[in-house]
Amino acid sequence: MMRRLFPHPFLSVTLFVVWFLLVNELKIGSAVLALFLAIIIPLLTAPYWPNTAIVKSMPGLIGYFFLVCWDVIVANIQVAKIILFMPADQIRSAWIPVPIELRTPEAIAILSGTITMTPGTVTADISDCGRVLLVHALHAPDPDAVRDDIKARYETRLKRIFE
Amino acid sequence: MILSYALDFALGSFALAWLMNLWLLMRGAGIVDRILAVDTMVVNSIALIILYGIRSGSPLNFEAVILFSMTGFVGTVAYAKYLTRGNIIE
Amino acid sequence: MIDLTLALIVALPFIGALLTSLSIRAGRDICALTAGAVSGLALLLLALHAPAVLAGQVVVTRIDWLPGLGLNANFMLDGLGLLFAGMILGIGVLVIIYARFYLAESDPMGRFYAFIMLFQGAMVGIVLSDNILLLLIFWELTSLSSFLLIGYWSHLPEGRQGARMALTVTGAGGLAMIAGMLILGNIAGSYDLSVILTQRDAIQASDWYLPALLLILIGAFTKSAQFPFHFWLPHAMAAPTPVSAYLHSATMVKAGIFLMARMWPVLSGTDAWFILVTTTGLVTMLLGAKIALFKTDLKAVLAYSTVSHLGLITMLLGIGTKAAASVAVFHIINHATFKAALFMTAGIVDHAAHTRDLQRLGGLRHLMPVTFAIASIAALSMAGLPPFNGFLSKELMLEEAAHTTWFNSPWLLGVLATCGALLSVGYSFRFLSAAFFGPARSDYPDHPHDPGFGLWFAPALLAGLVIVVGVLPMTTAAWLVDSATTAVTGAPFTVKISHWHGLSAPALWMSIGAIGGGMMIVGAHARLTRLWQATPRPDAKRLFDAIIEPFAALAQRLTDALHDGALTRYIAIATLTIVAAGLWAFSGGNHAPGTRAATDVPFAAGAGFIVLVAAVIAIVVVHRDRLLSLVLVGVIGLFISVGFAWFAAPDLALTQITVEVVTVLLMLIALRFLPARTPQESSLPRKLRDALIAGVSGVAAASLTYALMLRDAAFPVISGFHLAQSKPGAGGTNAVNTIIVDFRGYDTFGEIIVLGIAALVIYALTEALLAPGHANTRLMPLWPAGNRAGDRHPIMMVVATRFLLPIAMMVGVFIFLRGHNMPGGGFVAGLIFAIALLLQYIASGFAWSEARQRVSYHAIIGSGMLIAGMAGAGAWLFGLPFLTSGFEYVDLWPLEKFELATAAIFDLGVFLTVLGAVMLALSSLSRFAIRAGDRTNTQAFDIDPSPGGA
Amino acid sequence: MMSHWIIAPVVLPAMIASLIVLFARHHLRAQRIAGVVGSAALVAISIALLHASTLHDPEVYFLGDWPAPFGIVLVLDRLSAMMVALTAFLALIIQFYVIGTGWDARGKHFQALLQFQVMGICGAFLTGDAFNLFVFFEVLLIASYGLMVHAGGRERLRAGVQYVAFNLVGSTLFLFALATIYAVTGTLNMADLAVKVATLPAGNSALIRVAGVLMIMVFAIKGALVPLQFWLPGTYANAPGPVAALFAVMTKVGAYAVIRMFTLIFPPTVAATGGLFADLLLPAAIATLILGAVGIIGATTLSRLAAFAAITSMGTVFIAVSAFTPQATAAALYYMVHSTLAGALLFLIADLVAARRTDGSLRAQRPAIAQAGLIASVFFIAAIAMAGMPPLSGFVGKLLILDAMRDQAPLIWSIVLGTSLMMMIGFARAGSTLFWNVTADPAAPHPPQALAFAAVFALIASMVALTLGAGPVTDWLNQTATALHTPAAYIDANRLGMTP
Amino acid sequence: MMELLIAITVGLLTAAGIYLMLRQRTFPVIVGLSLLTYAVNVFIFASGRLAIGLPPIIRDGAMGYTDPLPQALVLTAIVISFGMTAVILIMALGSYLEAGDDKVDAPDQGAAQ
Amino acid sequence: MTLLDHIAEVVIAGLLVTGGIFGLIGSYGLLRLRMPMQRLHAPTKATTIGVGSALFASMLTYAFLKVTPSGEELLVIGFLFVTAPVTALFLAKAHLHLTVPRSEVPPTGTAKPWATFSTDTSDEFR
Ligand code: NA
Ligand code: NA
């Protein structure tokens with residue numbers, strides 16, 4: 000029964016939180032409405048999100064989120080330095096293919112999103128077989144290091160969360 | 000006091016960012032660069048509205064900001080998909 | 000004596016027209032019978048009134064129609080009316096009988112008799128009208144029915160052209176007469192003749208007399224084919240002979256004469272009348288007779304002789320004395336008898352000898368003795384020989400002419416009248432000799448012989464009249480002439496008609512001279528004909544066409560040149576007109592400059608302005624690159640939205656940005672099928688012209704804006720109420736939203752209907768374009784050209800949009816619910832839902848998304864409109880006007896107080912309509928791509944990363 | 000007295016159209032039944048409204064129960080009731096014609112769009128608010144865009160784009176005018192505008208004159224006044240026949256708006272504007288009449304001829320309107336009703352001919368058409384009516400106008416009568432080409448479409464009634480015109496003074 | 000000052016809009032129409048005069064409000080012009096597919112004969 | 000003004016300044032970086048740190064100075080975080096398709112090409 004009522008438990012939680020971010024008030028009335036919407040909307044949109052990935056470890060996901068936040072701040076400063084101080088000819092941009100073991104679309108999406116959001120690297124494409132990500136690095140004297148860092152730091156965590 | 004100086008600085012810098020985006024748009028860069036410039040303009044606009052919200056103290060522009068952030072990317076994606084696929088709904 | 004029979008007499012022929020067009024189904028005889036019976040009945044009714052009228056009484060019928068204007072269905076019957084009505088109906092019956100036998104089997108008789116009866120009713124209407132506006136109605140009706148009759152044989156080009164020429168000339172005359180009659184009515188203070196005819200002095204004293212006279216005479220002269228308007232009559236001869244006999248001898252052409260006679264009491268007697276009418280009459284008499292002398296076609300001879308005789312009558316009316324008027328009346332009667340007879344005999348000859356050309360006729364007196372007898376009686380009377388009636392009225396006419404000084408010469412009129420008589424003798428004798436005398440010809444197609452009784456009975460009767468009136472004028476015609484002349488002159492009059500006026504009467508010698516001269520002309524006809532051919536003669540038809548055809552060609556060129564579908568020129572003209580009118584209006588008033596303090600410009604706003612200006616200028620510069628101009632439109636929309644947010648208009652910012660996004664999507668989908676670039680087409684001068692127009696408009700708009708912004712409104716703005724009442728009255732703090740859904744909810748009701756209609760139009764047009772046909776075939780090959788990137792539905796986009804959809808819906812619901820108090824509302828919520836759904840279409844494809852669309856967009860639009868309408872109509876249950884909203888606060892433990900407003904139901908309707916409309920519009924547009932050969936997908940994304948995948 | 004019935008002409012068609020869209024999308028029969036029932040009901044309601052407006056002073060319907068000038072009001076007076084009745088009557092007749100010829104089966108949503116068009120027109124006639132007039136202009140316009148391109152086709156779509164583009168310029172202009180009016184007077188309610196424009200302080204006359212002129216330009220576009228009439232021939236000639244017939248009432252919305260706005264808000268007595276509008280209107284109207292008459296002679300197809308005939312009607316109406324006297328306004332109203340019926344009739348006939356003849360060309364000889372006799376006679380009647388020849392209402396209308404404009408007789412009479420002659424020549428030439436100058440080949444058979452002819456005869460009958468009933472009709476119109484030129488009752492009905 | 004900038008914006012948008020409407024292809028005409036729509040929307044908004052920082056949302060202690068009515072009118076104008084733009088767009092597309100060219104100035108029916 | 004408000008004011012000012020700086024860097028980077036793909040990196044900076052700090056500043060302002068907590072800023076950050084990668088991906092694909100020479104891009108190392116370069120449309124029919 001729970002499965003039918005909550006096809007996307009993670010989504011329902013997110014929606015519940017989103018409602019409160021919107022209304023900016025902690026009131027019972029809002030809570031009831033938020034609960035109602037958090038149930039109804041995922042049901043309505045279920046057909047648009049078939050076979051959703053199951054989040055195996057919620058703490059893992061939250062941990063991952065803060066990790067990314069931190070990485071974003073640190074990497075931002077690095078890239079800022081490159082833009083401000085590094086003369087154009089010294090910048091070594093590179094295309095880096097990153098083979099991935101992730102199989103769930105959500106995980107792949109989050110990985111490529113993380114890569115893009117951490118400044119300095121952008122996910123440009125995926126191979127037609129879905130096994131390799133094409134990443135463009137702004138300044139990567141050692142491309143392999145970037146690849147390994149991505150796989151180690153993010154892919155392993157995502158594998159634990161989703162698979 | 001320092002808050003209003005900081006606000007002026009932030010407003011000024013994002014407005015300057017606008018002008019830079021305009022320069023890229025007008026400079027005759029490739030179409031993809033121009034779309035990038037416009038996308039950045041949207042982001043700069045979000046920042047400016049938030050900052051203006053802080054200055055005027057009215058939380059009324061939040062709905063606008065939410066919508067800017069939600070819909071801003073749709074345009075960029077549509078232009079890019081048009082360039083790559085020639086069609087946006089297929 | 001008020002009597003409705005007059006109205007009935009006029010109505011009968013019209014009823015007859017209806018009956019004949021129906022009774023033709025029962026056969027040609029029945030049809031002719033009904034026409035004859037109806038005319039006969041009308042004639043009978045008329046006859047019933049004859050004794051009273053002859054005794055001097057005037058029968059009147061008054062039916063109010065448009066008293067405010069003075070146009071009433073008032074009829075009157077006096078001597079003049081009796082004479083003409085009798086003639087119209089009498090000859091009408093004879094023509095109906097004659098036509099029965101004349102028309103060929105292939106000629107549609109029902110239509111013929113219907114038109115004849117229509118014409119007859121119109122003529123009777125003219126002669127019996129008391130109200131001159133009513134007379135005008137019947138007057139134009141005669142033109143219209145004559146158009147139909149002349150064009151009866153519509154397969155003949157001359158029939159069509161003759162009909163159009165007659166309609167143009169007589170119609171133009173009728174229109175001129177409308178002006179004349181209106182002037183007359185204004186002077187006299189009424190449009191009823193019974194009043195007008197008593198206002199002689201007032202009318203003739205008014206300085207509007209001359210224009211009225213001129214305009215009325217134009218009407219009369221065009222109808223009666225008087226010089227210079229005589230040229231249409233011969234071309235009317237293309238009509239069947241009964242029509243020629245009836246319209247162009249007995250009745251229609253006499254309408255002008257009737258009008259001059261009817262208006263005689265008030266219009267005649269002035270120098271203007273005398274000069275205009277007499278001269279025109281005389282010239283027409285001479286010109287008509289001269290032309291008749293040399294025409295070879297029998298009906299043309301008769302037609303021009305009619306013109307000549309009408310000129311004679313006009314001249315007599317022009318002379319202005321009572322005696323002359325009586326002669327005019329007498330000649331009207333006589334001419335009707337012998338001319339109708341002649342026309343009918345001409346028809347018989349045409350029927351028998353299959354030609355009307357005098358040069359190919361001859362010697363018919365042996366072959367057609369009866370016809371010869373009738374024709375000679377009528378022709379001799381036309382020539383004015385004793386003892387026939389034509390001689391009597393011609394004698395009296397010569398008498399009158401002799402005693403009238405014309406252009407201060409006492410004898411000139413007499414001499415010219417005699418020449419007229421001489422010429423009429425000439426063409427009458429030539430007609431008889433050419434057709435009937437000389438050796439019997441052998442080259443007739445099939446042996447001509449006298450026709451059946453039905454065909455010669457009518458002309459024979461008329462010929463009989465010619466003799467009887469000629470021999471016993473006083474007993475057979477005087478009473479009618481007296482009665483008619485009394486009606487015309489407005490005073491009692493008795494006429495003395497006799498053959499012999501004594502040796503001293505100048506008319507005698509004038510007649511002798513005329514007859515002698517006429518004989519000589521006939522003798523010398525051959526030589527005179529050659530002389531006639533030598534003189535250049537203006538061909539009226541070419542002259543008429545020389546005016547009309549080039550005008551029509553010019554009209555076509557001008558119209559097509561002006562309305563050639565050049566939208567850019569239309570808009571350029573419109574813009575210049577609007578700006579010019581605006582400037583002209585502004586310069587005419589005085590403008591007190593504004594008193595408001597100007598607001599300063601912070602740096603950020605300045606930067607925004609610069610970007611906006613740059614984008615607008617850029618769009619004009621690069622407008623040929625369509626994708627780039629779309630991007631720039633996006634920039635402009637963005638900065639206007641930011642501007643709205645900046646200037647304290649949050650609702651506008653929301654709506655503008657969401658509409659902006661959907662518009663961009665729409666334009667991009669359409670751009671896929673349109674050429675990517677606009678070709679360079681405008682020449683430099685054209686660009687400068689357009690730039691100038693645009694510049695002027697821009698400056699005007701800017702200065703108007705500036706003028707407004709620095710001035711306060713002249714009165715306190717009404718929105719003060721909206722601000723005051725927003726919370727207490729409408730239960731919401733967001734004044735803009737309360738205006739939209741409550742104070743001016745009716746605007747919004749109209750507005751969502753517009754949006755709904757837009758979607759329906761797009762859907763309908765999509766269906767039309769996708770249906771097999773031209774557009775559809777053009778779509779098929781539009782497979783996107785060559786290099787198209789792979790990966791139609793990238794995974795990251797699909798996952799992101801799947802995540803965003805529910806969240807966007809949450810934001811949509813939030814904005815919907817708080818719209819009443821904070822920025823938001825049904826529109827924006829609808830647009831947000833639509834954009835979220837559209838993202839699914841973009842990310843996962845058309846087919847995949849459509850498959851998940853459980854409720855059709857049509858249903859959403861329809862229900863949205865219904866809900867909005869019902870929300871509005873709900874107020875009726877409480878006896879309140881449409882769209883009255885109510886709200887109260889609900890306290891449901893444990894929830895906080897929340898507000899229930901009916902406006903929310905209305906806003907739900909708005910929401911659904913907007914959602915349905917946007918989705919229907921974009922999904923319809925997207926179907927063009929599907930139609931263009933792209934294959935649809937059942938999976939959300941193309942790359943399958945799952946373990947089992949490729 | 001009529002209370003909620005006043006809004007029925009707007010809500011009824013809207014709801015019926017919505018029901019059609021919701022439930023009867025694919026069932027043409029159901030759409031037709033709903034459409035005809037709706038149109039018939041609207042005729043009944045409009046007759047009741049007409050009766051009520053005759054007995055009582057103007058009655059105001061306060062939407063949302065908000066007092067004027069703050070809320071939007073509908074005002075039922077004789078003029079609006081008359082125009083609503085005319086629209087309802089014409090719509091019903093066109094319904095029959097459409098069903099008779101099966102036009103609605105040639106594309107989607109015809110019946111729904113027809114109901115929306117009627118809703119927009121009735122909304123425009125009834126509203127007492129300037130901005131709401133704009134909204135309902137847009138409703139009727141967008142419905143007309145849909146109807147105009149119904150069933151698609153190359154020429155129709157090209158003309159459609161031009162029609163929409165030009166009218167969008169008009170809509171934008173309307174908004175410029177409304178914003179200026181609001182900026183100057185601070186109100187949008189027409190009655191309130193009347194009061195405020197009359198008492199406008201001196202410094203505002205320049206701007207209010209601009210607003211007034213922009214407003215008249217908008218209505219000039221709608222009413223096809225020179226030089227803003229170029230869009231009409233291409234649109235009307237290419238629109239489906241019955242749609243063009245319905246458009247005959249759309250141009251009249253422009254005339255109605257001029258009459259309403261310039262007797263109520265900008266009468267000649269207003270100091271700021273004075274004779275400004277008459278100076279603009281008369282020359283434009285004369286030019287329109289002449290251009291239309293020339294167009295009738297120059298037209299190369301029957302539908303373009305009908306379009307130029309519509310332009311002549313507007314020229315004639317605006318000539319009378321520009322006099323701004325009660326008698327002239329009454330004459331204008333009479334001629335407006337007449338020319339709507341005559342214009343619609345002519346377009347229906349053009350459609351009948353086009354359906355039976357390879358094309359409507361007036362410059363080429365074609366074989367005779369089916370039912371030629373019947374169609375020729377109704378064409379003859381329509382031509383007489385449109386050219387203003389007796390015995391039909393066109394003649395009476397022109398007589399009323401000539402009589403009403405006596406003091407400008409030399410100019411006005413010569414133009415009105417001269418153009419009537421030109422029209423007569425044009426129609427005679429057209430009729431001769433269409434029905435007389437035909438090749439000998441037998442007529443191609445065509446279904447008799449009795450219902451379509453019933454609609455045509457209904458229009459003819461209505462014109463005959465208008466002619467015979469001219470006496471009482473003109474009395475009624477004179478009272479209506481007098482009321483229009485003394486708008487106190489209209490203004491008072493809005494109860495402006497009352498604080499809420 | 001700000002009023003002047005807004006006036007210039009309206010003027011420029013009107014000028015650009017009209018210039019593009021005078022081009023001979025449907026697409027620039029449609030772009031011109033949307034610029035014209037922007038111009039008039041800003042113009043209506045401007046008719047409520049400027050009041051920086053005073054949104055028409057009723058709240059206690061507000062020093063005043065921007066005139067809410069023009070804002071409501073602009074909202075109506077935006078939505079209606081969106082409907083109109085969508086319709087003219089589909090018509091332009093239809094006309095292009097049917098006729099084979101996207102010219103606006105085409106030989107009208109009359110001149111074709 | 001309580002001590003806490005003073006601290007908050009300083010923190011907010013700091014956030015505003017950093018936001019401004021990073022916003023500038025983001026847009027400046029767009030101009031300075033010459034290669035198209037390089038330019039793509041610049042806005043991710045402005046998006047993350049630039050607007051992020053402005054949003055945080057707004058959150059803190061309402062939390063402390065205006066005492067009405069507001070969560071909308073988080074939502075905006077969330078939207079930006081979700082949508083930015085999508086725009087970056089599409090712009091990169093556009094570059095790959097239009098401006099980047101194929102030779103520059105290393106092979107995938109598997110049998111299939113990069114999705115943007117693939118011309119095999121069979122997978123489009125599932
Ligand atoms: Na990155
Ligand atoms: Na609205």
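Residue numbers (numbering that gives the first Met the number 0), protein chains in the order written: chain S, 0 to 162; chain L, 0 to 89; chain X, 0 to 949; chain Y, 0 to 499; chain W, 0 to 112; chain A, 0 to 125. For glycine and all other residues, C-beta sits at the position ideal for the given N, C-alpha and C.
> So, is the C-beta of residue 69 of chain W closer than 8 Å to a C-beta in chain Y?
Replying inline: At a cut-off of 8 Å between beta-carbon atoms, residue 69 of chain W makes contact with chain Y.
> Does the beta carbon of residue 799 of chain X come closer than 8 Å to any beta carbon on chain A?
Replying inline: Yes, its Cβ sits closer than 8 Å to a Cβ of chain A.
> Can you name the start and end residues of the alpha helix (DSSP H) that residue 303 of chain X belongs to?
Replying inline: Counting along the chain, the alpha helix (DSSP H) containing residue 303 of chain X begins and ends at 297-318.
> So what's residue 446 of chain X in DSSP terms, helix, strand or just coil?
Replying inline: In this structure, residue 446 of chain X counts as coil in the three-state DSSP scheme.
>> Going by beta-carbon coordinates alone, are residue 45 of chain L and residue 57 of chain A separated by less than 8 Å?
In response: Taking 8 Å as the Cβ cut-off, residue 45 of chain L and residue 57 of chain A do not qualify as a contacting pair.
> Mind checking if residue 125 of chain A is an interface residue toward chain S, Cβ cutoff 8 Å exclusive?
Replying inline: Low per-residue confidence applies at residue 125 of chain A: pLDDT is 44, beneath 50, and the placement is therefore not dependable, though the value from the model is reported in the following sentence. With a threshold of 8 Å between beta carbons, residue 125 of chain A makes no contact with chain S.
>> Using only the alpha-carbon positions, how far apart do residue 74 of chain W and residue 723 of chain X sit?
In response: If you take the alpha carbons of residue 74 of chain W and residue 723 of chain X, they lie about 21 Å apart.
> Do residue 262 of chain Y and residue 313 of chain Y have their C-beta atoms closer together than 8 Å?
Replying inline: No. Outside cutoff.
>> Let me confirm a value: residue 499 of chain Y is counted as buried when at least 16 other C-beta atoms fall within 10 Å, else exposed. Which label applies?
In response: Because residue 499 of chain Y sits at a pLDDT of 49, beneath the cut-off of 50, its placement in the model cannot be relied upon, and the following sentence gives the value as read from the coordinates. Around the beta carbon of residue 499 of chain Y, a 10 Å sphere encloses fewer than 16 other beta carbons of the protein chains shown; the residue is thus reported as exposed.
> Would you call the stretch 4-22 of chain L and the stretch 602-612 of chain X touching, i.e. three or more CB-CB distances under 8 Å?
Replying inline: Flag = yes, the stretch 4-22 of chain L and the stretch 602-612 of chain X touch.
> In whole angstroms, what separates the C-alpha of residue 679 of chain X from that of residue 96 of chain W?
Replying inline: Distance between residue 679 of chain X and residue 96 of chain W, taken at the CA atoms: about 21 Å.
>> Taking 8 Å as the threshold (beta carbon to beta carbon), is residue 948 of chain X in contact with chain S?
In response: Interpretation of residue 948 of chain X is limited by its pLDDT of 47, a score under 50 that renders its predicted location unreliable; the figure taken from the coordinates is listed afterwards. Yes - at least one Cβ of chain S is within 8 Å of the one on residue 948 of chain X.
>> Can you confirm whether the stretch 468-484 of chain X touches the stretch 302-317 of chain X when touching is taken to mean that 3 or more C-beta pairs between the two stretches lie within less than 8 Å?
In response: Judged by Cβ distances under 8 Å, the stretch 302-317 of chain X makes no contact with the stretch 468-484 of chain X, as fewer than three pairs qualify.
> Are the C-beta of residue 412 of chain Y and some C-beta of chain X separated by less than 8 Å?
Replying inline: Residue 412 of chain Y counts as touching chain X.
> Is the distance from the Cβ of residue 115 of chain Y to the Cβ of residue 173 of chain Y below 8 Å?
Replying inline: No. Outside cutoff.
> What are the boundary residues of the alpha helix (DSSP H) that residue 897 of chain X is part of?
Replying inline: No alpha helix (DSSP H) contains residue 897 of chain X, which is instead part of the beta strand (DSSP E) from 897-900.
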